[in-house]
Amino acid sequence: MSFLKQVNRLLITRRHDGVFRVRSPLRKVLKECPTYDEAFLWAHKNRKYAKKEPVWAEWELEFLLDNYGILPAEVIARRLRRSTNSLKIICVRKLGINQRSNIYTARAAAKELGISDAKIIVAWHDKGYLKGTRAPFKYGNNYVWFFDYDDIIECLQKRPWLCNLKRMPEGYFRSIVKTEWEKDRWYDKTEAGKFLGLADGNPIYRYIKKGWLPAVRRPRGGGLGAWILRHSALAEFQLSDPRPAHRKGATLPETLDHDLAKTEEKAWHQMARGHFQMFGYWAAMHQHIAAVTNRNHRNPFQRLIEIGKEAAIAQTKDNTSANNT
């Protein structure tokens with residue numbers, strides 16, 4: 017290894033170790049040193065010419081911790097009288113932060129709220145649910161979305177039904193949604209139907225369209241999100257029930273008994289007319305209602321089903337014996 021390479025190796029090693037930094041013009045002087053030891057001694061004696069590590073005051077580091085990523089790097093550099101490159105270096109090496117450490121980007125907010133796609137967070141902003149601005153730095157070709165901590169809390173307090181408690185990780189945001197759930201829980205269309213004593217949730221859609229029930233819709237592509245109804249709205253609906261008199265106060269068992277009796281009547285009516293296909297349809301509907309509601313209901317068509325099975329088995333045996341002969 018030549019003397020010049022040894023000197024360069026010494027300079028590079030000392031520079032990255034942070035002991036002292038020798039200015040590049042001194043390399044020309046070090047070329048004249050006859051040995052490696054003399055070059056090291058000369059640099060050590062003249063270390064006052066070396067460039068020292070920049071000194072950062074405590075208030076400067078605190079200002080960086082609070083504002084890096086929120087304010088543009090040029091504004092912070094002008095305030096501290098530093099270069100933008102020095103900001104990046106001190107933040108990475110000493111503070112261990114980057115431009116996304118002090119803000120909630122769309123991806124970071126989605127992760128905290130248990131949302132699968134960051135575009136959903138941006139859609140909330142487009143609908144006016146969540147306040148947000150563009151960050152002063154780019155990720156690729158576009159500026160990053162910046163959502164404030166207090167704005168996320170305000171959004172969750174007003175519209176907690178945007179998130180799913182089962183998917184949210186443990187944290188303060190989840191505690192807010194859980195508190196709102198315990199205070200005034202929300203239902204989808206099917207759950208609201210059971211709450212009002214209906215067999216299914218289809219009448220709820222009609223109540224919403226007629227203006228009887230206040231409801232909101234979860235944002236989804238094409239406006240096909242699920243309808244959300246709060247417990248307070250359903251309780252108020254029960255107090256001033258605008259439904260016809262024969263539907264008011266109907267409980268869930270009474271409604272199911274009515275539906276079971278109606279489907280049985282229609283099935284026998286189709287059987288009497290000889291429409292066996294329609295009979296099968298209403299009989300299957302009767303069985304479906306009884307199975308979905310987990311009711312120990314006597315199936316009036318069970319004997320017909322058994323007779324049909326016996327006839328099918330007998331027909332199969334006759335065909336088998338005919339083929340054997």
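Heads up: take any position in the sequence shown, counting from 1, add 16, and you land on my numbering. By construction, the Cβ of each residue, glycine as well, lies at the ideal position given by its N, Cα and C atoms.
- Tryptophan 202 and arginine 246 have their C-alpha atoms some 4 Å from each other.
- Spanning the alpha carbons of glycine 85 and phenylalanine 162 requires a straight line of approximately 9 Å.
- Per DSSP, leucine 181 has no beta-bridge partner at all.
- Beyond the five residues adjoining it in sequence on each side, glycine 187 comes within less than 8 Å, by CB distance, of Glu128 in the same chain, given in chain order.
- Judged by DSSP secondary structure, tyrosine 159 falls within the beta strand (DSSP E) whose first and last residues are 158 to 162.
- Valine 232 sits in a strand when the DSSP states are folded into three classes.
- Counting of Cβ neighbours within 10 angstroms places tyrosine 120 among the buried residues, the total reaching 16 or more.
- Residue burial annotation: tyrosine 223 is buried, with at least 16 other C-beta atoms found within 10 angstroms of its C-beta.
- Distances from the alpha-carbon of arginine 259 to those of Leu229, Asn158, Val71 put Leu229 closest.
- In this model, leucine 276 and serine 256 are separated by some 28 Å (Cα to Cα).
- In summary, tryptophan 177 is buried, with 16 or more beta-carbon neighbours lying within 10 Å of its beta-carbon over all protein chains present.
- When the beta-carbon positions are compared, cysteine 171 and leucine 146 come within less than 7 Å of each other.
- Residue state for tyrosine 145 is assigned as coil, using DSSP reduced to three classes.
- Following the DSSP letters along the chain, one finds leucine 245 inside the beta strand (DSSP E) bounded by residues 243 to 246.
- In the DSSP assignment, the residues bridged to leucine 87 are Tyr84.
- Residue environment analysis places isoleucine 105 among the exposed positions, since fewer than 16 neighbouring C-beta atoms fall within 10 angstroms of its C-beta.
- In this structure, leucine 250 keeps its C-beta atom at 7 Å or more from the C-beta atom of phenylalanine 292.
- Tryptophan 298 sits buried, since 16 or more C-beta atoms from the chains shown fall within 10 Å of its C-beta.
- In this chain, the alpha helix (DSSP H) harbouring glycine 209 covers 205 to 211.
- If you draw a straight line from the Cα of isoleucine 92 to the Cα of arginine 109, it comes to about 18 Å.
- For alanine 124, the secondary structure class from DSSP, reduced to helix, strand or coil, is helix.
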